Structure formats: C-alpha cells, structure tokens
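Asker:
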C-alpha cells in the first residue's frame, strides 16, 4: 500500500476526504508518541556529527543548526546539547547571511546548502532511523501492509536537489521505508 506525505497544515477533514481509510501519522514535533520521535527536533542523543570523531548531538536539528556558519558567527556547539526541542533554530538577522555549514566540528571546509543536506543532514537522519527508530519503523511497516499511510509534516519537499524549500523529514521516512533513499552523490 502507498505511503503519502501531506502537509500538517491541512485540515483533518480534508485529509480524511483525500485519503479515506488511511492511517494518518503526525511525525512532527507536535505529533503524539511514538511518532514525535521522527521529528528532527526530538532529542534521541548520541547522534554522530559527520566528520567529527567522538562528537555527538542530541537531535538532528540541533546538529544541523549547530554546524551552520553565518557571516558574523561560526558554529554553535551549544545547539548539540539541547534536549527540550525548543531554542534550536538560529536565525540570520543579527548574524548576517548564512555562508554554509561547516563539515565537521573542527573542519576547515564550509559546504553549500545542497552538499550540507547530502553530507550532514541525510547521514544524521538516516542514523536515527537505523539506531533509534527501529521499533517505530516496524510499526509503520505493519500499518503500510494494512493500507495507505499518510505521514504529516510541515514541509512536503521530497527532493534533495530542490533547494527552494526545506527538505521533508516525513519524505525521508517514506524514502527509507520504500528503499529509495536519496543517492549521496556530492562534489568532494
């Protein structure tokens, strides 16, 4: 049966009308247990920071935001320890424009948004799927075997190459369950 990614902003009645009989699963930070655990903000702990031996983060979003580099501010390691799902984002107003993401805590290389998705975000999110969410993935597989599953996310962009909008983590869950994980072709 299919897995569909829809916007959490759609009204429940609209989703029910679009997908009658489907299991609707909110995998955002506002979702119920156990599905909230799929949120990049969820503090799983021990998530390896790419290209940074012995360095870990509490959440995927904390890892991502902590490695972000601005014109007036470098990485922010405090983001890696946040376990409250709040205060993780880093806006650029006072920090200047985003220059990219540092590839590793001590790395000299600052990579662009696309390469950061491929070399930082995808490995970190896949790590939580394979190391922290195996039970929940099995529950989703069982639901998919029973019928259509609709995964709710605030973002619905499933294309790593589409840089016009943030990548949907629900789409990554779908890719993982369907064995269509995005290729990690990057210029190195």
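In the working numbering, the protein residues as written are 57 to 244. Here a beta-carbon is modelled for each residue, glycine too, at the ideal position from N, C-alpha and C. Owing to the predicted nature of the structure, the values given are computational and were not obtained by experimental measurement.
Could you please give the first and the last residue of the uninterrupted beta strand (DSSP E) stretch that includes residue 82?
Answerer: 79 to 82 is the span of the beta strand (DSSP E), which, as asked, contains residue 82.
Asker: Quick one: Cα of residue 167 to Cα of residue 197, how far?
Answerer: Each residue's Cα considered, the two are about 35 Å apart.
Asker: Could you say if the stretch 126 to 134 and the stretch 176 to 191 meet the contact criterion of at least three C-beta pairs nearer than 8 Å?
Answerer: They do not touch, by the three-pair rule.
Asker: Can you tell me whether residue 115 is buried or exposed? The criterion is at least 16 other CB atoms within 10 Å of its CB, across all chains shown.
Answerer: Flag for residue 115 reads buried.
Asker: Tell whether a beta-carbon distance below 8 Å holds between residue 104 and residue 112.
Answerer: Taking 8 Å as the Cβ cut-off, residue 104 and residue 112 qualify as a contacting pair.
Asker: So residue 110 packs on residue 146, CB below 8 Å; how close in whole Å?
Answerer: The pair is not a contact, with the Cβ atoms about 24 Å apart (cut-off 8 Å).
Asker: My output table needs one value for residue 126: the three-state DSSP class, helix, strand or coil.
Answerer: Reduced to three states, the DSSP call for residue 126 is strand.
Asker: What does residue 207 pair with, by DSSP beta-bridge criteria?
Answerer: Answer is 61, 81.
Asker: Have a look at 127, 165, 156, 84 and flag the residue whose alpha-carbon is nearest the alpha-carbon of residue 141.
Answerer: Of the listed residues, the one whose Cα sits closest to residue 141 is 84.
Asker: Between the C-alpha atoms of residue 232 and residue 186, what's the straight-line distance to the nearest angstrom?
Answerer: Computed Cα separation, rounded: 10 Å.
Asker: Is residue 219 helix, strand or coil by DSSP?
Answerer: If DSSP states are grouped into helix, strand and coil, residue 219 belongs with coil.
Asker: How far does the alpha helix (DSSP H) with residue 200 in it reach, from first residue to last?
Answerer: Looking at the DSSP string, the run of the alpha helix (DSSP H) that includes residue 200 is 190 to 202.
Asker: Can you check whether the CB of residue 239 is closer than 8 Å to the CB of residue 227?
Answerer: In this structure, residue 239 does not lie closer than 8 Å to residue 227 by Cβ.
Asker: Can you tell me which residues form a DSSP beta bridge with residue 157?
Answerer: The partner list for residue 157 (beta bridge, DSSP) reads 124, 167.
Asker: Are three or more beta carbon pairs between the stretch 81 to 96 and the stretch 204 to 222 nearer than 8 Å?
Answerer: With a cut-off of 8 Å, the stretch 204 to 222 and the stretch 81 to 96 count as touching, because enough Cβ pairs lie within range.
Asker: Just grab the DSSP bridge partners of residue 113 for me.
Answerer: Its beta-bridge partners are 103.
Asker: Answer with buried or exposed for residue 118, where buried requires no fewer than 16 other C-beta atoms within 10 angstroms of its C-beta.
Answerer: With 16 or more Cβ atoms within 10 Å of its Cβ, residue 118 is classed as buried.
Asker: Kindly list the residues whose CB is nearer than 7 Å to the CB of residue 318, restricted to its own chain and excluding five residues on each side of it in sequence; keep chain order.
Answerer: No answer is possible for residue 318: the residues shown for the chain start at 57 and end at 244.
Asker: Report all residues from its chain with a CB closer than 8 Å to the CB of residue 144; omit the five preceding and five following residues, and keep chain order.
Answerer: Once the five neighbours on either side are set aside, the close Cβ partners of residue 144 are 97, 115, 117, 118, 121, 135, 138.
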